[in-house]
DNA sequence: GGGAGATACTTTAGGCTTGAGCTATTCAGG
DNA sequence: CCTGAATAGCTCAAGCCTAAAGTATCTCCC
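Residue numbers (this note's numbering), protein chains in the order written: chain A, 9 to 163; chain B, 9 to 163.
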């Protein structure tokens, strides 16, 4: 096999890897979305946003949320608007910067999130049951490298 | 460590695995979407649909596309409508079933797709450059198992 | 052949997401 | 101080996506 042929094979390898990664990700994502909808009448983006706030009890600015969730600012505006309307989240003025908000979980939001998070974890555990501990550990490590490489090359 | 504690740790393991998988997938996806947009003025769903048609020269029915792309039928209707309007795809009557269409690439569609596919593969290869052959092979295998397990458990 | 149920597709309403363009505020240098 | 550049956030149009409901056709079975 000459170099050029090998290069082509390796190229297809990268492509197939990406397609398989996407498939796996979508399979899990669809499952979780569907259950969030049917059990809690909510969506994955809202859940993700609450999840970030739960990890940051002091609150987060809109652009911090935007970075953590890997979505654009305009998107965060819309989701926060909804969650405020539902009473799960509140916008507090940022003392240090009059342009900025500090978004926090309300008491009701924290309570609602705790319930959803428990169920969410159950779903994922159930979905991955039968996936060996050994494979899971290996996958975590390889994905760590993949993330690193991708971040490097995307810059 | 008692059983209950271990169970909790394993649960978090599954959750963290899923979150990392999602992150990796999103990193690559965003990169590809952004380039499809800036270079070709198109989107990932349209590209994916063309890609499926390219693999099936005899054409595909709407519901076959829906299954292959893992999206709902209504969604496929919208995307095909657009691609027809752009002249990349055509709807042909299915001789055997008057309810159904057979969607095919037009000559222009095949040409446009070939160009995009070449670029798409380059982007992915570039993005994954530095990811070792060994890791890539291992990842392919583990993801195959993950896909299998997930499909099993989702049913 | 005829009716019940399945299937192929479309439509609709509602939510997510983006990129571009806007205002208001902050910050850094002169 | 001031002024230009950067930053925080919002709005808007357009496209993706879903679930649910609607129409047309097919298929099976009596």
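Note that beta-carbon positions come from the ideal geometry of N, C-alpha and C, so glycine has one too.
### Query
Do three or more CB pairs link the stretch 61-75 of chain B to the stretch 104-112 of chain B at distances below 8 Å?
yes
### Task
Work out the CA separation of residue 29 (chain A) and residue 52 (chain B) for me, nearest whole Å.
The sequence position of residue 52 (chain B) within the second chain is 44, counting from 1. The sequence position of residue 29 (chain A) within the first chain is 21, counting from 1. When rounded, the distance between both Cα atoms is 15 Å.
### Contacting residues, own chain, Cβ-Cβ under 8 Å from residue 144 (chain B) (five flanking each side not counted)
Within the second chain, numbered from 1, the residue matching residue 144 (chain B) stands at position 136. Taken in chain order, the residues that qualify are 136.
#### Entry: 8 Å contact criterion, which residue 61 (chain A) and residue 100 (chain A) should meet: CB distance rounded
Numbered from its first residue, the first chain carries residue 61 (chain A) at position 53. Numbered from its first residue, the first chain carries residue 100 (chain A) at position 92. That belief does not hold up - the Cβ atoms of residue 61 (chain A) and residue 100 (chain A) are roughly 12 Å apart, past 8 Å.
### Query
Taking buried to mean at least 16 other C-beta atoms within 10 Å of its own C-beta, is residue 128 (chain A) buried or exposed?
To locate residue 128 (chain A), count along the first chain from 1; it is residue 120. That one is buried.
### Query
Are residue 82 (chain A) and residue 157 (chain B) closer than 7 Å when you measure CB to CB?
Stepping through the first chain from its first residue, residue 82 (chain A) is reached at position 74. Stepping through the second chain from its first residue, residue 157 (chain B) is reached at position 149. Cβ atoms of residue 82 (chain A) and residue 157 (chain B): not closer than 7 Å.
### chain B contacts from the stretch 117-139 of chain A (Cβ-Cβ distance under 7 Å)
129, 132, 133, 134, 135, 136, 137, 138 and 139
### Query
Would you say residue 157 (chain B) faces chain A, with C-beta separation under 7 Å as the test?
Indexing the second chain from 1 puts residue 157 (chain B) at position 149. Yes, its Cβ sits closer than 7 Å to a Cβ of chain A.
#### Entry: Three-way DSSP call (helix, strand, coil) for residue 92 (chain A) in this model
Within the first chain, numbered from 1, the residue matching residue 92 (chain A) stands at position 84. The answer is helix: DSSP assigns residue 92 (chain A) an H, G or I state.
### Message
When you compare the CB of residue 104 (chain A) with every CB in chain B, is at least one pair closer than 7 Å?
### Response
As a working mapping, residue 104 (chain A) is identified with position 96 in the first chain. No, because no Cβ of chain B sits closer than 7 Å to the Cβ of residue 104 (chain A).
### Task
Say whether the stretch 77-95 of chain A touches the stretch 34-49 of chain A, bearing in mind that this needs 3 or more beta-carbon pairs closer than 8 Å, one atom from each stretch.
no
### Unbroken beta strand (DSSP E) run spanning residue 107 (chain B), endpoints
Counting from 1 along the second chain, the entry for residue 107 (chain B) is found at position 99. Note, residue 107 (chain B): premise wrong, no beta strand (DSSP E); not H, not E.
### Task
Consult DSSP for residue 164 (chain A) and reduce its assignment to one of helix, strand or coil.
No statement about residue 164 (chain A) is possible, as the shown extent of chain A runs from 9 to 163 and does not include it.
### Task
Report, in whole angstroms, the separation of the C-beta atoms of residue 151 (chain A) and residue 32 (chain B), which I expect to be a contact under 8 Å.
Numbered from its first residue, the first chain carries residue 151 (chain A) at position 143. Numbered from its first residue, the second chain carries residue 32 (chain B) at position 24. Between residue 32 (chain B) and residue 151 (chain A) the Cβ distance is about 5 Å, and since that is below 8 Å, they are a contact.
### Message
With H, G and I counted as helix, E and B as strand and the rest as coil, what does DSSP make of residue 133 (chain A)?
### Response
Position 125 of the first chain, counting from 1, holds the residue named residue 133 (chain A). Helix.
### Any chain B beta carbon closer than 7 Å to residue 161 (chain A)
Stepping through the first chain from its first residue, residue 161 (chain A) is reached at position 153. True, the Cβ-Cβ gap to chain B drops below 7 Å.
### Query
Going along chain A in order, which residues have a C-beta closer than 8 Å to the C-beta of residue 143 (chain B)?
For this step, residue 143 (chain B) is matched to residue 135 along the second chain. Correct list: 150, 153 and 154.
### Task
Using a Cβ cut-off of 8 Å, pull out every chain B residue sitting near residue 37 (chain A), in sequence order please.
Within the first chain, numbered from 1, the residue matching residue 37 (chain A) stands at position 29. The answer, in chain order, is 30.
### Query
Short check: CB of residue 22 (chain A) to CB of residue 132 (chain B), under 7 Å?
Here residue 22 (chain A) refers to the residue found at position 14 when the first chain is read from its first residue. Here residue 132 (chain B) refers to the residue found at position 124 when the second chain is read from its first residue. It is a contact, given that the beta carbons lie within the stated cut-off.
### Query
Looking only at C-alpha atoms, which of B:147, B:65 and B:42 sits nearest to residue 163 (chain A)?
Residue numbering aside, residue 163 (chain A) sits at position 155 when the first chain is read from its first letter. With distances taken between Cα atoms, residue 163 (chain A) lies closest to B:42.
### Task
Return helix, strand or coil for residue 79 (chain A), following the three-state DSSP convention.
In the first chain, counting from the first residue as 1, residue 79 (chain A) sits at position 71. If DSSP states are grouped into helix, strand and coil, residue 79 (chain A) belongs with coil.
### Residues sharing a beta bridge with residue 99 (chain B), DSSP
Walking along the second chain from the start, residue 99 (chain B) turns up at place 91. Residue 99 (chain B) is bridged to B:111.
### Query
Taking all protein chains shown into account, do 16 or more other C-beta atoms lie within 10 angstroms of the C-beta of residue 25 (chain B), making it buried, or fewer, making it exposed?
Position 17 of the second chain holds residue 25 (chain B). Result: buried.
### Query
Do residue 50 (chain B) and residue 44 (chain B) have their CB atoms nearer than 7 Å?
Counting from 1 along the second chain, the entry for residue 50 (chain B) is found at position 42. Counting from 1 along the second chain, the entry for residue 44 (chain B) is found at position 36. Yes.
### Query
Should residue 34 (chain B) be flagged as near chain A, meaning a C-beta pair shorter than 7 Å?
Here residue 34 (chain B) refers to the residue found at position 26 of the second chain. So yes, residue 34 (chain B) belongs to the interface.
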